[in-house]
Amino acid sequence: MNWLTNFVRPKIKRLVQPREAPDNLWHKCQSCSEMVFHRELEKSFRVCPHCDHHMRLPVRQRLEILFDNKKWTEIELPSVAADPLKFKDKKKYSDRLKEAKSKTGSKDAIVVSHGTMGGINVVIAAFEFSFLGGSMGTAVGEGIVAAAELAILQEAPLIVIPSSGGARMQEGILSLMQMARTTVAVDRVREKGLPYIVLLTDPTTGGVTASFAMLGDIQVAEPGAIIGFAGARVIEQTIRETLPEGFQRAEYLLEHGMVDMVVHRSKLHESLVQLLGLLLHRDPAAPVLSLDSVGRKRRRRKKEDADRLLASPPDPSIPDESLFESEGDDGSDKS
Amino acid sequence: MHFLEFEKSIAELEGKISELRHMSDADGMNIAEEVARLESKVDKDLKATYSKLSPWQKTQVARHPDRPHCLDYIGALVANFMPLAGDRNYSEDHAIIGGIGRFRGRSVMVIGQEKGRDTKTRLKHNFGMARPEGYRKARRLMELADRFGIPVLTFVDTAGAYPGIGAEERGQAEAIARSIETSLNLRVPLISVIIGEGGSGGAIALATGNIVLMLEHSIYSVISPEGCASILWRDGDQAKAAAEALKLTAQDLDRLSIIDAVVQEPIGGAHRNAQATYQNVGDTIEQHLKNLLEVEGGQLRAKRRDKFIAMGRLSDS
Ligand SMILES: [Zn+2]
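Chains as they are written, first to last, in my numbering: chain A, 3 to 337; chain B, 400 to 716.
Here you go:
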């Protein structure tokens, strides 16, 4: 607990202001192949307006959706040994780390933050998938432990939002041990009678699913999110059968008893606030951030944008989402 | 309106009334008077019939297709209802509804069997016959409620737990047993309402409340009258006799102190005036809940356990 002082006086890293979206980018939806105007995608929190596909969300955009007034405080996480096994595959792990850091601006694949939701103080630990596939090594473990301890210190509910391929292979056995470690951490929150809520987002697989991510008092999932233990490819190769339709999707898990509810991104804030209110016996609070009004405005904006941009057709050569969507060598244990 | 066999005279009267209403333009005054006369006769007949329903007739009322079901009570009595799904093990069982919401301003966990209303929903809810997953979900939600000090309300309405190969393989009996055990261990108020059929183990899995309420024309029994007749009479047609013998009516069970109170139904049964039924049930729950909330958790648990351990014991006094 030598870094507990960080909690008592957490460094305010960032009080976030709404970001400016690039003006004339188009994005191709992976699910329906429709072109979506970039700004519109930002407004809908990366939900495709044509097919409702929930695209992966960079961690801070995720926090913007959840916290009241888009305001939160991030805490500085304790340092960990950078490359404990001096691991090297095709690339040095230390180089991969460096690249991920500069690409994401994050120290590792998790951000721990606190703020209010519907006026209720909450701690949120959220994964950054674009940091080595959100894989869980010692730093991520440290993040979950820190979040749990912060929740206990503040007597606040803990919300963990995994988006992770699983354990980080480059940290070997140490990353496996994070499964046990994070389990203790979230159990301590539950022992204090504080709500522990897991919001499963795309993808949640491997060792992350098989530890803290399946232990919530309430399990919420985003539509279409892949949630499972072994990767679909591994299963298919092992059993030599075609997998059922929708296998490992959030809705499939709902039918198989693994999650409580699948909640559309536009309803996330409202639903979580309502849940917390019920669990904590609070009176219903008016949602501070109304995403519905965003949705209503969306249609109008869409038309305006379309009119304005008729002159400039989409440029398919601009890669953007692909950076986030396909991590070929993300270092996680899911195959 | 679906009429039961003993409601023949009422069905005829109401048929006449609706015929008259269609002709009302033709011959104004007399028809209005006739309708009023017939309506008051319907009221009288309903009152007379429903005040002395036989156990077998009550069985039919309890199973009436228009009778309010679990989801109807939730819709009427629970605000902000958030369904919670799954046993975290095998499946989501739609035969048992579970979730958190607000009953008259207070957080509650609601659990109950849902039979479904039409072919599609009946199949979805498996006619209210739960599999082990349903009872395991119930148990999980009761434990969740216990952790957060949230009272539990159960609405019981099932012909019984689902008899099937898969259900047996996955431990139907164990799942029911654990559900009973968990119910009896809760340190939060547990109020159970038998709203229709309380069929055997599948019912008691959700019915060991601090307070067990029964609607006036609901039934609660170790076995269905038909099942009992075919086993003991070796003749399924003796269901009527079995229904008498089993003492399955709310009034019988109140007399035997198996339940704590009977909730009155509107004249002609809950299905004739669902709103009034929700109101009665809601008011009765609220009144008991208020009392139970005064009691400390350990005491709630102890009293519930004492109550059930004494069931069937000869009283000393
Ligand atoms: Zn799309």
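Even glycine gets a Cβ: it sits at the ideal position worked out from N, Cα and C.
- [ ] Kindly indicate which three-state DSSP category S96(A) falls into: helix, strand or coil?
- [x] helix
Task: Inter-residue CB distance, S578(B) and R538(B) (contact presumed, cutoff 8 Å) - done: 5 Å
Open item on the list: Does the distance between the C-beta of C34(A) and the nearest non-hydrogen atom of ligand 1 fall short of 6 Å?
Closed with: yes
Open item on the list: Using only CA atoms, which one of R503(B), G601(B), F502(B), G527(B) lies nearest to Q512(B)?
Closed with: G527(B)
Task: H55(A) beta carbon near ligand 1 (any heavy atom closer than 6 Å) - done: yes
Task: Endpoints, the alpha helix (DSSP H) within which K706(B) is located - done: 696 to 708
Open item on the list: I'd like to know if Y561(B) contacts chain A, where contact means its C-beta is closer than 7 Å to some C-beta of that chain.
Closed with: no
- [ ] Determine the direct distance from the alpha carbon of Q678(B) to that of G504(B), and round the result to whole angstroms.
- [x] Each residue's alpha carbon lies about 15 Å from the other.
TODO: Kindly say whether D189(A), judged by its beta-carbon, lies nearer than 7 Å to any beta-carbon of chain B.
DONE: no
Open item on the list: Output needed in chain order: residues of the stretch 238 to 265 of chain A with a Cβ under 7 Å from some Cβ in chain B.
Closed with: Residues L256, E257, H258, G259, M260, V261, D262, M263.
Open item on the list: Using the three-state DSSP reduction, which class does K30(A) fall into: helix, strand or coil?
Closed with: Residue state, collapsed to three classes: strand.
TODO: Return yes when the C-beta of H40(A) is under 6 Å from any heavy atom of ligand 2, and no when it is not.
DONE: As far as ligands go, the structure on display features ligand 1 and does not contain ligand 2.
Open item on the list: Quick check on DSSP: helix, strand or coil for Q156(A)?
Closed with: Reduced to three states, the DSSP call for Q156(A) is helix.
TODO: Determine the chain A residues that contact A606(B) at a beta-carbon separation under 9 Å, and present them in chain order.
DONE: Near A606(B) there are no residues of chain A at all, since even the closest Cβ is about 23 Å away, more than 9 Å.
TODO: Give a yes or no on whether 7 Å exceeds the smallest Cβ distance from Y489(B) to chain A.
DONE: Residue-level contact by beta carbon holds for Y489(B) and chain A, with a gap shorter than 7 Å.
- [ ] Give me the Cα-Cα distance between F129(A) and V61(A), rounded to the nearest whole angstrom.
- [x] 6 Å
Open item on the list: Could you compute how far the alpha carbon of Q698(B) sits from the alpha carbon of L280(A)?
Closed with: 24 Å
TODO: Could you round the C-beta distance between D659(B) and V611(B) to whole angstroms and report it? I think they count as a contact, below 8 Å.
DONE: Taking 8 Å as the upper bound for CB-CB distance, D659(B) and V611(B) are in contact here, some 5 Å apart.
Task: Reference A529(B), options K519(B), G635(B), I496(B), closest by Cα - done: I496(B)
Task: Local conformation of G297(A) per DSSP, three classes - done: The pLDDT assigned to G297(A) is 41, lower than 50, so where the model puts this residue is not dependable; a value taken from the coordinates is nonetheless given after this. G297(A) falls in the helix class under three-state DSSP.
Open item on the list: Relative to the C-alpha of K646(B), which candidate in I666(B), R436(B), K457(B) has its C-alpha closest?
Closed with: K457(B)
- [ ] Determine the DSSP secondary structure at D653(B), reduced to helix, strand or coil.
- [x] helix
Open item on the list: Please list, in chain order, the chain A residues whose beta carbon lies closer than 8 Å to that of N532(B).
Closed with: One point to set straight first is that residue 532(B) is Glu, not Asn, in the sequence displayed. Contact of E532(B) with chain A by beta-carbon distance below 8 Å involves G259.
Task: ligand 1 heavy atom lying under 6 Å from the CB of H52(A) - done: yes
Task: the stretch 661 to 677 of chain B touching the stretch 630 to 638 of chain B, judged by at least three CB pairs closer than 8 Å - done: No: the two stretches stay apart, fewer than three of their Cβ pairs being nearer than 8 Å.
Open item on the list: So the candidates are L470(B), V434(B), I618(B); which of them puts its Cα closest to the Cα of R420(B)?
Closed with: V434(B)
Open item on the list: Any heavy atom of ligand 1 inside 6 Å of the beta-carbon of C31(A)?
Closed with: yes
Task: Residues of the stretch 662 to 676 of chain B with Cβ closer than 7 Å to any Cβ of chain A, in chain order - done: none
Task: Beta-bridge partners of E76(A), as assigned by DSSP - done: S115(A)
Task: Candidates A223(A), R190(A), M179(A): closest to A149(A) by CA position - done: R190(A)
Open item on the list: Here's the rule I'm using: 16 or more other beta-carbon atoms within 10 Å means buried, otherwise exposed. How should P246(A) be labelled?
Closed with: Its Cβ having fewer than 16 others within 10 Å, P246(A) is exposed.
Task: Close beta carbons around G608(B), own chain, < 6 Å, minus the five adjacent residues each side - done: L589, I590, S591
Open item on the list: Using a 10 Å radius around the Cβ and a threshold of 16 neighbouring Cβ atoms, would you call E193(A) buried or exposed?
Closed with: exposed
Open item on the list: Could you check whether H266(A) and I67(A) sit closer than 7 Å to each other, using their CB atoms as the reference points?
Closed with: no
- [ ] Please report how far the alpha carbon of G559(B) lies from the alpha carbon of S599(B), in whole angstroms.
- [x] 6 Å
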